[in-house]
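Peer 1: Before I ask anything, here is the structure I am working with.
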Amino acid sequence: MERSRCLSSYDATSITVLEGLDAVRKRPSMYIGSTGERGLHHLVTEVVDNAVDEALAGFCDRIEVTLLRGGAVRVRDNGRGIPVDEHPVEKRPAVEVVLTTLHAGGKFGGDSYMVSGGLHGVGVSVVNALARRLDVEVRRDGYRWTQTYDASRPVGELTRQEATAESGTTVTFWADPDIFETTDYSFETLARRFQEMAFLNRGLTIVLVDERPERVSDVTVGADVGASVNGKTEQPAEAADGEHKPVRTETWHYDGGIADFVRHLNASKEGVVHSSVIEFGAEDTQRKIAVEVAMQWNTQFAEGVYTFANTINTHEGGAHEEGFRSALTSLVNRYAKDQKLLKDKDDNLLGEDIREGLTAIVSVKLSEPQFEGQTKTKLGNTEARTFVQTVCNDQLRDWLDRNPGEAKDIVRKGIQAATARVAARKARDLTRRKGLLGSTGLPGKLSDCQSTDPGESEIFIVEGDSAGGSAKGGRNPRTQAILPIRGKILNVEKARIDRVLQNQEVQALITALGTGIHDDFDIAKLRYHKIILMADADVDGQHIRTLLLTLLFRFMRPLVEAGYVYLAQPPLYKIKWDRRGDNAHYAYSDRERDALVEAGIAAGRRDPRQHEGLQRFKGLGEMPAKELWDTTMDPDHRVLLQVTIDDAAQADELFTVLMGEDVEARRGFIQRNAKDVRFLDI
């Protein structure tokens, strides 16, 4: 969309005011989701989203984000700059209105921004409301303008400074430590989001600089500190005497846009079915909607379709994903029958067959997005479904016709997937006939709970019969079910669906949960709203947990996205202060063990190391049932870690690296993260 269309119209009259900031500081979670780490990082992305809106409108091509010493964050862009003239209704500078009024901005008027990624976002005003201090600098109308805010209130007037030929906005803010649980920003969390933004905005440069004192977690092992441009690392220039040298700098710029995104995601896969990325797009200027699609099949079995609307990650999909899937399924089936790869009497391939091994990015941009539930996770615009389906039908069909060799390889992969699916169903039916399931249709080794209310029911998936016995003896049978798993389950990252479903441990888990998998998945049939993975606190236990997480992510991902999956945290040590073991303490790490021992000795207690009072648990199976209940299963005392996914594409890449065939990629991951490991138990 052209710059000239909007350049003259972005002034104070473009700013529409919806409501004030009164409630934001009282109920911050209503506006940013939480006051923990996620909410803290949301502040940064809200400011960056404003700059991305300028990029979408064609006025910004560089955004710089700096994590400053002292806890501040600075976001600088080279867009038009927030208007500084007087607002016609508020009678204050427009920039002040934007920073002190909730949902005030050019994006709501419909003229200044044809496309915006933050329509249901809370805007920079909430950043101001939740900041201890905020400084804004606007470069516009030939001058530099500045203003400071204290807890959302302006300190003095907007002040005109020296003349400048530059344009853009710089926002520097200090998150209020009285509101947030932490004000420590994660470089890695921000880096993942900014790389995604750069992929989705072809030609946009995003720079992330960390000027905080160097910490162990900030340093990448085996790589120089520098800037990464399209995957290349560059050394920063030497700092002058007395000047602080940035600890870490990353730069993202992708001329290939979402096609580069697909190449990046497939780089860790074993191989690809066709060498070139399929990419196409279209724009309807009258309806103010555009779509870009990039896709490539790899030789593995997992599906990876990721959708975005106005650069917002719509991980629950929505209308645009429905249009893409519908067009893809009908097109490939029609092509398969036209080319006699499928006979007329053959059943059509299912969507899941065709999408096996597919990595795809579907990015739509539209003027008035409707995000269902205002969560920005599912796009509701019906016109997006029709538009995406039409574009895919036309342009993907053209690609298939022009690339018959690659097209037939894609169809053959889908046919192989369908064959495996049918074989898996037969294996499942055979299992039922052989009576491996109990009379209730549930796995025979499942010790189910009495409650039929999923909201209060939880299932512990435990390693081995001995641990299962302790868990069964210690549980609350009314609400807690136990499913023992023998040894390490199949690595589903390296197996097709038929082999996966032939594995009895996998079958038992899928059946116990009740949801089914893939296209048969129905989260409403889930029997437990807490799925707790409970394994030994050693390397083997961690491997088993990773295998189980891979299964859940690949075949039942909505369970993870909905927050139903947890990791139990059993203790590593029991500290007995006397031989009887009365008033014992439990430690969950070497560090906590040492701290408890030192604190006990300082309080006059006997050193437990002198009377064999320090017990190291070798496995869950050796813990008595009551002790397992007290430390790991009792809801009033246990520690659970909830498994969450902020970025499905990044999680997909991580599972591929950790559990796939590429040994070099796995070695690189270990080297990069080695310094983050503490007290490794081997």
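Heads up, the sequence shown is in my numbering, so the first residue is 357 and it goes up one at a time.
Cβ coordinates follow ideal geometry from the N, Cα and C atoms, glycine included.
Note that this is a predicted model, so its numbers are computed, not measured.
1) Going straight from the alpha carbon of Q551 to that of K625, what length do you get?
2) Have a look at S803 and T457 and give me their C-alpha separation to the nearest angstrom.
3) Using only CA atoms, which one of P991, P964, S682 lies nearest to R741?
4) Under the DSSP definition of a beta bridge, which residues are partnered with V661?
5) Taking the alpha carbon of G897 as the reference point, which residue from G770, G975, G613 has its own alpha carbon closest?
6) Using CA coordinates, which residue listed in L905, A940, T808, I766 is at the minimum distance from Q998?
7) From the DSSP output, which residues share a beta bridge with M989?
8) Is it buried or exposed for Q806, if we count other Cβ within 10 angstroms and need 16 for buried?
9) Output needed for I873: all residues of its chain with C-beta closer than 7 Å, excluding positions within five of it in sequence on either side, in chain order.
10) Run the CB neighbour count on D534, radius 10 Å, all protein chains shown included, and call it buried at 16 or more, exposed below.
11) Could you have a look at V649 and say whether DSSP puts it in helix, strand or coil?
12) Given G811, which residues of its chain have a CB within under 7 Å of its CB, disregarding the five upstream and five downstream residues?
13) Is it right to say K1050 is buried, meaning 16 or more other beta carbons lie within 10 angstroms of its own, or is it exposed?
14) Look at the alpha carbon of R965 and the alpha carbon of Q971, and state the distance between them as a whole number of angstroms.
15) According to DSSP, is P760 helix, strand or coil?
16) Can you check which of these residues, N622, A413, M386, K828, is closest to I838 by C-alpha distance?
17) Between F536, E659, K696, E567, which lies nearest to T422 when the distance is taken from Cα to Cα?
18) If you check the beta carbons only, do I887 and I815 fall under 8 Å apart?
19) Output yes or no for whether 8 Å exceeds the beta carbon distance between G707 and Q656.
20) In terms of DSSP beta bridges, what is P840 paired with?
21) Would you list the residues sitting across from A519 in a DSSP beta bridge?
22) Quick one: Cα of T808 to Cα of I634, how far?
23) If we call anything under 8 Å between Cβ atoms a contact, is H397 one with T545?
24) Can you name, in chain order, every residue of its own chain whose Cβ lies under 7 Å from the Cβ of E537, other than the five neighbours on each side?
25) Could you tell me if D1032 is buried or exposed, where buried requires 16 or more neighbouring beta carbons within 10 angstroms of its beta carbon?
26) So who's on the other strand from F911, going by DSSP bridges?
27) Under the three-state reduction of DSSP, which class applies to S682: helix, strand or coil?
28) Where D409 and R418 are concerned, what is the direct C-alpha to C-alpha distance, given to the nearest angstrom?
29) Identify whether L514 lies in helix, strand or coil by the three-state DSSP scheme.
30) Under 8 Å, do I614 and F555 count as touching if we go by C-beta distance?
Peer 2: If we stick to the structure as given:
1) Numbered from 1 along the sequence shown, position 195 holds the residue referred to as residue 551. Numbered from 1 along the sequence shown, position 269 holds the residue referred to as residue 625. Q551 and K625: Cα-Cα distance of roughly 19 Å.
2) Locating residue 803 in the sequence shown gives position 447, where the first residue counts as 1. Locating residue 457 in the sequence shown gives position 101, where the first residue counts as 1. So the two alpha carbons sit approximately 56 Å from each other.
3) Walking along the sequence shown from the start, residue 741 turns up at place 385. Out of P991, P964, S682, S682 has the C-alpha closest to the C-alpha of R741.
4) Residue numbering aside, residue 661 sits at position 305 when the sequence shown is read from its first letter. BP columns for V661 point to A716.
5) As a working note, residue 897 is residue 541 in the sequence shown. Among G770, G975, G613, the Cα nearest to that of G897 belongs to G975.
6) Numbered from its first residue, the sequence shown carries residue 998 at position 642. Here the closest residue by C-alpha is L905.
7) Against the sequence shown, residue 989 aligns to sequence position 633. DSSP output for M989 lists no bridge partner at all.
8) Within the sequence shown, numbered from 1, the residue matching residue 806 stands at position 450. So Q806 counts as exposed.
9) Taking the first residue of the sequence shown as 1, we reach residue 873 at position 517. Counting only Cβ-Cβ distances below 7 Å, and skipping sequence neighbours, we find I866, F911, M912.
10) In the sequence shown, counting from the first residue as 1, residue 534 sits at position 178. By the neighbour-count rule (16 or more Cβ atoms within 10 Å), D534 is not buried but exposed.
11) Working through the sequence shown from its first residue, we reach residue 649 at position 293. Strand, per DSSP.
12) To locate residue 811, count along the sequence shown from 1; it is residue 455. Once the five neighbours on either side are set aside, the close Cβ partners of G811 are H885.
13) Nothing can be reported for residue 1050, as the shown portion of the chain is limited to 357 through 1038.
14) Your numbering for residue 965 matches position 609 in the sequence shown. Your numbering for residue 971 matches position 615 in the sequence shown. Approximately 9 Å between the Cα atoms of the pair.
15) By one-based count along the sequence shown, residue 760 stands at place 404. Residue state, collapsed to three classes: helix.
16) Translated into the one-based positions of the sequence shown, residue 838 becomes position 482. Of N622, A413, M386, K828, the residue nearest in Cα terms is K828.
17) Counted from its first residue, the sequence shown places residue 422 at position 66. Residue E567 is the option with its Cα nearest to T422.
18) In the sequence shown, residue 887 corresponds to position 531, counting from 1. In the sequence shown, residue 815 corresponds to position 459, counting from 1. In this structure, I815 lies closer than 8 Å to I887 by Cβ.
19) The residue you call residue 707 lines up with position 351 of the sequence shown. The residue you call residue 656 lines up with position 300 of the sequence shown. Contact: no.
20) In the sequence shown, counting from the first residue as 1, residue 840 sits at position 484. Per DSSP, V818.
21) Indexing the sequence shown from 1 puts residue 519 at position 163. BP columns for A519 point to Y499.
22) By 1-based counting over the sequence shown, the position of residue 808 is 452. By 1-based counting over the sequence shown, the position of residue 634 is 278. Computed Cα separation, rounded: 48 Å.
23) As a position in the sequence shown, residue 397 is number 41, starting the count at 1. As a position in the sequence shown, residue 545 is number 189, starting the count at 1. Yes, they are a contact pair.
24) Start at 1 with the first residue of the sequence shown, and residue 537 comes out as number 181. Around E537: T391, G392.
25) Residue numbering aside, residue 1032 sits at position 676 when the sequence shown is read from its first letter. Per-residue confidence for D1032 stands at a pLDDT of 46, beneath the threshold of 50, marking its modelled position as unreliable; no derived number is given.
26) Position 555 of the sequence shown, counted from the first residue, corresponds to residue 911. Answer is none; F911 lacks a bridge partner.
27) The residue you call residue 682 lines up with position 326 of the sequence shown. DSSP places S682 in helix when its eight states are reduced to three.
28) Along the sequence shown, one-based indexing puts residue 409 at 53. Along the sequence shown, one-based indexing puts residue 418 at 62. Rounded to whole angstroms, D409 to R418 spans 12 Å at the Cα level.
29) Here residue 514 is taken as the residue at index 158 of the sequence shown, counted from 1. The answer is strand: DSSP assigns L514 an E or B state.
30) Within the sequence shown, the letter at position 258 stands for residue 614. Within the sequence shown, the letter at position 199 stands for residue 555. Yes, Cβ-Cβ distance for I614 and F555 is below 8 Å.
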